[in-house]
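Chemist: Residue numbers (our numbering), protein chains in the order written: chain A, 1 to 79; chain B, 1001 to 1500.
Every residue gets a Cβ at the ideal spot worked out from N, C-alpha and C, and that includes glycine.
One structure follows; several queries about it will come next.
This is the structure in structure tokens:
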């Protein structure tokens, strides 16, 4: 699970995914606090270009909500 | 009226059987240059249903439905006009699937690049999703959007909020039944689900987890495999592992169609001629077997796609299969989509070097011509695509393609130009969209149109032989006559567009 700031540079996010993938991660959760449309717009190149690994993008409306997401297991979706 | 926890649907452009003629489906991508009521009747009439439970449904919705039902979830594919009733009656999840939500994919995007009218499929989807939006205000249900083109929502992020989309499942061009089942389970349990799920290659659905369809698919289309060994850069299918379904799986899906009165069908995959092969060399025994199976159960059999190179590798196989399928009585032609994409060896080498294999890429234009000739002799009618504006394209590449199109005139076929679109899961997914038409592009577009006008009228008579198609046949001919009449204006408009 990677916490991503709302205004993160998409290239930095991509680099984080690349490093995680190189370390053997098959599924990655990105957690972002922000407005849905803004987050999707900003991360479009990251999401569109990603073929491996599997990505789950969680968009939280507050820091508390984002923290609660840390208990979520993306793997359950692929069981 | 039955009750369902999960309703699957889509708009009318896809929830139709196009009068039982799959090729007419292309008509739904055209801009509304003629009265909408006529165009809609001609290309996407309503499908028969009982209480909204449709007789035929898009294959991908059927696969999702089968997976959900097999998992013990009450689910069904419902006609778009009946979605409000089922939502009002307690459905808690609505799954909507589409392959061109906003008209950004070819060929829709090709028409709209120079015709200032909305395409029918775009209008129909917008009207449908706006109805769903209103339902969301009244009822408590989750909206899941899925399918190979969900990347389009990333280009319209404000609409994700506006239409109240809860989950986007992006399967990278593959189907995604197990993920969808788990998403639905979590939603039904009131658990959180990511806003956007992109299913990576390692999570591609394994064969043993695929569930065959239980009910009829549109025009009997059944999938016989997934993936592609050629891995062209513009295409998403090759990103996925190559898998061929066993014959008993295919037989069960054909049976599901026959049982519900669909007596003809389409074998679907990237290359029917490679069924059962792990390379680009056909496995004749497997190809014969799958076609024999289909023909033993259906009156007529179509193919969704095949490749020109595979056809030339084993000409005898093509002749044998055509002879078996085209019996002259129940079936006069065999329709299939093929990719020509370009007449330029340089473009082929750059973006799809494996497309001509096992032949050398330098031979591509010859391969295309010879394969078209082979098809013509065997009553196989290819509907070919050309991609205009691939990255790095030069004038000489386009000229080479135009010349190839002109050389293909003697062969019964349709050739559809498509403007390059950087589709989500492909290796060219981050390239620029093709937008700048040059005069030499107009030459190519007009060559394709002239080819279509030359063959379309002849094909209508051969494609729609039964009496029950008399009205549709007449309507199509009238439509064609209008296109012919507009041809000079189309060229004029394109030329002015290219110069501006």
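Does the Cβ-Cβ distance between residue 1150 of chain B and residue 1166 of chain B come in under 8 angstroms?
Modeler: no
Chemist: How many Å lie between residue 1483 of chain B and residue 1447 of chain B at the Cα?
Modeler: 14 angstroms
Chemist: Can you confirm whether residue 44 of chain A, when its beta carbon is compared against all beta carbons of chain B, has any partner nearer than 8 angstroms?
Modeler: yes
Chemist: Does the beta carbon of residue 9 of chain A sit closer than 8 angstroms to a beta carbon anywhere in chain B?
Modeler: no
Chemist: Which residues does DSSP pair with residue 1198 of chain B in a beta bridge?
Modeler: Per DSSP, A:55, B:1170.
Chemist: Taking just the CA atoms, how far does residue 1196 of chain B sit from residue 60 of chain A?
Modeler: Straight-line spacing of the CA atoms in residue 60 of chain A and residue 1196 of chain B works out to 12 angstroms.
Chemist: Taking a Cβ distance cut-off of 7 angstroms, strictly less, list which residues of the region 1184 to 1203 of chain B are near chain A, in chain order.
Modeler: 1192, 1194, 1195, 1196, 1197, 1198, 1199, 1200, 1201, 1202, 1203
Chemist: Listed in chain order, which residues of the region 1002 to 1020 of chain B have Cβ atoms closer than 9 angstroms to some Cβ of chain A?
Modeler: none
Chemist: Quick one: what's got a C-beta closer than 8 angstroms to residue 1059 of chain B's C-beta in the same chain, skipping five residues either side?
Modeler: 1213, 1217, 1218, 1221, 1222, 1223, 1268
Chemist: Can you name the residues of chain B whose CB is closer than 9 angstroms to the CB of residue 2 of chain A?
Modeler: Those do not exist, as residue 2 of chain A stays about 13 angstroms from chain B at its closest Cβ, beyond 9 angstroms.
Chemist: If we count the other Cβ atoms within 10 Å of its Cβ and call it buried at 16 or more, is residue 1189 of chain B buried or exposed?
Modeler: Taking all protein chains shown into account, residue 1189 of chain B has fewer than 16 neighbouring C-beta atoms within 10 Å of its C-beta and is therefore exposed.
Chemist: Please list the partners that residue 72 of chain A has in chain B, where partner means a Cβ-to-Cβ separation under 7 angstroms.
Modeler: 1192
Chemist: Could you check which residue in B:1453, B:1440, B:1452, B:1479 has the C-alpha nearest to that of residue 1494 of chain B?
Modeler: B:1440
Chemist: Going by DSSP, which residues form a beta bridge with residue 1226 of chain B?
Modeler: According to DSSP, which records beta bridges pairwise, residue 1226 of chain B is partnered with B:1243.
Chemist: Find the nearest neighbour of residue 1518 of chain B within the set B:1001, B:1321, B:1453, B:1202, judged by alpha-carbon distance.
Modeler: A query on residue 1518 of chain B cannot be resolved here, the shown segment of chain B reaching from 1001 to 1500 and no further.
Chemist: Have a look at residue 1055 of chain B and residue 1048 of chain B and give me their C-alpha separation to the nearest angstrom.
Modeler: 6 angstroms
Chemist: Shorter than 8 angstroms from the beta carbon of residue 50 of chain A to some beta carbon of chain B?
Modeler: yes
Chemist: Residue 37 of chain A CB to nearest chain B CB: under 8 angstroms?
Modeler: Put simply, the CB of residue 37 of chain A is near chain B, with a gap under 8 angstroms to one of its CB atoms.
Chemist: Out of A:40, A:50, A:77, point me to the one whose CA is closest to residue 1201 of chain B's CA.
Modeler: A:50
Chemist: Note down, in chain order, every chain B residue with its Cβ under 8 angstroms from the Cβ of residue 76 of chain A.
Modeler: 1182, 1186
Chemist: Distance check for residue 1235 of chain B and residue 1228 of chain B, CA to CA, integer angstroms please.
Modeler: Cα to Cα, residue 1228 of chain B sits roughly 10 angstroms from residue 1235 of chain B.
Chemist: Can you tell me where the alpha helix (DSSP H) with residue 27 of chain A in it begins and where it stops?
Modeler: First-last for residue 27 of chain A: 27 to 33, but that is the beta strand (DSSP E), not the alpha helix (DSSP H).
Chemist: Taking Cβ-Cβ distances shorter than 7 angstroms, what residues in chain B pair up with residue 47 of chain A?
Modeler: 1154, 1196, 1198
Chemist: In whole angstroms, what separates the C-alpha of residue 1498 of chain B from that of residue 1438 of chain B?
Modeler: 5 angstroms
Chemist: Shorter than 8 angstroms from the beta carbon of residue 19 of chain A to some beta carbon of chain B?
Modeler: no
Chemist: From residue 28 of chain A to residue 1193 of chain B, what does the alpha carbon distance come to, in whole angstroms?
Modeler: Rounded to whole angstroms, residue 28 of chain A to residue 1193 of chain B spans 14 angstroms at the Cα level.
Chemist: Which residue wins for smallest C-alpha separation from residue 1085 of chain B, given the options B:1052, B:1101, B:1398, B:1071?
Modeler: With distances taken between Cα atoms, residue 1085 of chain B lies closest to B:1052.
Chemist: Can you pull the chain B neighbours of residue 53 of chain A, defined as C-beta to C-beta under 8 angstroms?
Modeler: 1200, 1202
Chemist: Run through chain A and tell me which residues come within less than 8 angstroms of residue 1179 of chain B, C-beta to C-beta.
Modeler: 77, 78
Chemist: What is the C-beta distance between residue 1384 of chain B and residue 1318 of chain B, in whole angstroms, given that I count them as a contact (C-beta under 8 angstroms)?
Modeler: Between residue 1318 of chain B and residue 1384 of chain B the Cβ distance is about 16 angstroms, and since that is not below 8 angstroms, they are no contact.
Chemist: Excluding the 5 residues flanking residue 1442 of chain B on each side, which residues of the same chain have their C-beta closer than 6 angstroms to its C-beta?
Modeler: 1494, 1495, 1498
Chemist: Sorted by chain position, which residues of the same chain lie with C-beta nearer than 8 angstroms to residue 1461 of chain B's C-beta, five sequence neighbours on each side aside?
Modeler: 1473
Chemist: Secondary structure at residue 1045 of chain B, three-state DSSP: helix, strand or coil?
Modeler: Note: residue 1045 of chain B maps to coil in three-state DSSP.
Chemist: For a quick check, are the C-beta atoms of residue 1007 of chain B and residue 1094 of chain B less than 8 angstroms apart?
Modeler: Yes, the Cβ-Cβ distance between residue 1007 of chain B and residue 1094 of chain B is below 8 angstroms.
Chemist: In this structure, how does DSSP classify residue 1099 of chain B when only helix, strand and coil are distinguished?
Modeler: coil
Chemist: Using a Cβ-Cβ cut-off of less than 7 angstroms, list which residues of the region 1074 to 1103 of chain B approach chain A; keep chain order.
Modeler: Flagged: no residues at all.
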